[in-house]
Every structure is written in structure tokens, then in C-alpha cells.
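Notes to accompany the following structure.
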Amino acid sequence: MVVSMIQQIGFILGVLGQFFISAATAMDMWGLQDRSFSVVTSVYTYSGLWKSCVENSSGMTQCRPYFTILGLPIMLQAVRALMIVGIVLGAIGCLIAIFALKSLKMGNMEDKVKATMTLTSGIMFLLAGVCGIAGVSVFANLIVSSFRFTTYADSGYGGGVLGGGLGGLGGSLTTRYTFGTALFVGWIGGAVLVVGGVMMCIACRGMIPSEEKRQGYGMAYKAASQHTTVYKDDAKPRLAYDESFRAQSMNGRHSNQQYV
Numbered sequence: 004m005v006v007s008m009i010q011q012i013g014f015i016l017g018v019l020g021q022f023f024i025s026a027a028t029a030m031d032m033w034g035l036q037d038r039s040f041s042v043v044t045s046v047y048t049y050s051g052l053w054k055s056c057v058e059n060s061s062g063m064t065q066c067r068p069y070f071t072i073l074g075l076p077i078m079l080q081a082v083r084a085l086m087i088v089g090i091v092l093g094a095i096g097c098l099i100a101i102f103a104l105k106s107l108k109m110g111n112m113e114d115k116v117k118a119t120m121t122l123t124s125g126i127m128f129l130l131a132g133v134c135g136i137a138g139v140s141v142f143a144n145l146i147v148s149s150f151r152f153t154t155y156a157d158s159g160y161g162g163g164v165l166g167g168g169l170g171g172l173g174g175s176l177t178t179r180y181t182f183g184t185a186l187f188v189g190w191i192g193g194a195v196l197v198v199g200g201v202m203m204c205i206a207c208r209g210m211i212p213s214e215e216k217r218q219g220y221g222m223a224y225k226a227a228s229q230h231t232t233v234y235k236d237d238a239k240p241r242l243a244y245d246e247s248f249r250a251q252s253m254n255g256r257h258s259n260q261q262y263v
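Numbering-wise (our numbering), the sequence shown opens with residue 4 and increments by one.
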């Protein structure tokens, strides 16, 4: 009962963490413009992994997608790859965890198979959480670096949080960015995935002893079969008795024939 509860909690945490990192990847507010020292506060910009946006005080927003892939900074492409890999691993882990639930009966599936599937889904959750935390942390490091130093934008990326790279020259001075909402959502989602993966691994360890006990009962049943073998050996004296009785009967017949 306890093992099944731990497994279900781990599964719920895995699904919740998967939702968080998926939402964080799709969000646009990875980097927000720092308006603490800005004179104009009616217009501010924010950017994400897929596009950069500008919003004014009236609520009108205009976004521009990143139409190129090769022209983007390498670190941004690495963050994209980490988040996508985390989403794929988390989705596979959720799919495996559904069939590995102990409370769900799937034909004649043994507990040993479900334990292996539970361990696999737990490892998938752990890897997905690590990928999500790593991707968000890399982007946060870029924001911190661009916040500390003066950044210039070139004509390639423009307007984004990465600008034209740290210390780049040949452009206009860009605004500084701070942490956006998507970073916190990604950190929370990665942490929840890691906790869910750990709980699934713990549930797998709890499902193994029951299988060992079942194997122990099978060995006791085999030991009982040796008693039947000893019982067959008891039939030897009966065979000797039958032979002696047969010998006596033959002697009797021979004596009768001689008497006649």
C-alpha cells in the first residue's frame, strides 16, 4: 500500500513537472527589460527562446520571431536543445509510468516487470529535470553576464536578451534584462521532476522484496517434492514380498503336481 502511494505521488509530480517545463519553454518572458534606471517606462521589451516582444502602457504587444537558426547565438541554441530534450524525456517517462502503476492491472504483467518500468520512468524523470534545470540556469547565467557588463546589439539578433554578445562593438547601446517568469517556472518544473524521479526509484526498490518472497515460497514447494521421492523408495520391500510369495506359490504347485 505504501509502495503504491509513493509510486502514484512520483507519477503525479512527474506529470506536473513535465507541464511546468513545457510551459516554460513556450513562454516568451525569459528575459525582461530592467526598468529600474529607465527614463521611459511606458514601453518595455521582453524576449524568450523563440521570439522577442515589445509592449506599451496601453497593453498593445508586438512580437518578432527569430526567423533564423544559424544566425542565433550558440548558447541560445543549446538552451533550446536542453529544454526540448527535457520535454521529450519527460513525456516518455510519463508514458512508461502510466503502464507501470501498481494499482493498474495490465493482463498478466508481473511485479518484476512493473518494477523495471518504474525504475526506467524514474530515471527519465531525473534526466528531464536535470535538462530543464540546466537549460534555465544557462539562460540565467547569460542574463547575469549581460546585466553586469555593457552590451551592444548587432544586426544579427537585435533586441534580444543576448544582444550581439558580451562586449560586442559596432551597434547602439541596448537595455539590460533581468530574470523573467519563465525562468522560475522552469526551475520549479525541473525540481519537481527530480523529486518525482527519486520517488519512482524508491517505489521500485519497494516492489522488489515481494518478488523475492514469492521465489522463496516456490523453493519450499520444490523441497516438498523430495518427500514423494522417498515415498517411492518405500515400495522396494513390497516388491521383495511379492517375489517371495510368488516363489512359495510356485513351490506349492510343484508339490501338488508331484502328489497327483
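Note that the Cβ used here is the ideal one computed from N, Cα and C, for glycine as well. A quick note: this is a predicted structure, and the numbers were derived from the prediction, not measured.
Where does residue i fall in DSSP's three states?
| i | result |
| --- | --- |
| residue 128 | helix |
| residue 140 | helix |
| residue 105 | coil |
| residue 61 | coil |
| residue 208 | helix |
Could you pull the start and end residues of the alpha helix (DSSP H) that residue i belongs to?
| i | result |
| --- | --- |
| residue 71 | Premise fails: residue 71 is in no alpha helix (DSSP H) and is neither H nor E. |
| residue 7 | 5-29 |
What are the partner residues of residue i, as DSSP defines its beta bridges?
| i | result |
| --- | --- |
| residue 35 | 49 and 181 |
| residue 56 | 49 and 66 |
Beta-carbon separation of residue i and residue j under 7 Å?
| i | j | result |
| --- | --- | --- |
| residue 189 | residue 125 | no |
| residue 9 | residue 118 | no |
| residue 197 | residue 132 | yes |
| residue 85 | residue 137 | yes |
| residue 33 | residue 142 | yes |
| residue 7 | residue 149 | no |
| residue 31 | residue 179 | no |
| residue 122 | residue 207 | yes |
| residue 20 | residue 199 | yes |
| residue 23 | residue 209 | no |
| residue 103 | residue 120 | yes |
Is the beta carbon of residue i within less than 6 Å of some heavy atom of the ligand GTP?
| i | result |
| --- | --- |
| residue 90 | Annotation note on the ligand GTP: not contained in the displayed structure, which lists no ligands. |
Whose C-alpha, out of the options, is nearest the C-alpha of residue i?
| i | options | result |
| --- | --- | --- |
| residue 139 | 194, 128, 74 and 45 | 194 |
| residue 14 | 202, 187 and 208 | 202 |
| residue 66 | 49, 82 and 191 | 49 |
| residue 146 | 182, 78, 113 and 63 | 182 |
| residue 70 | 55, 82 and 95 | 55 |
| residue 63 | 47, 76, 78 and 72 | 47 |
| residue 98 | 72, 18 and 77 | 18 |
| residue 91 | 101, 128, 187 and 12 | 128 |
| residue 78 | 144, 35 and 108 | 144 |
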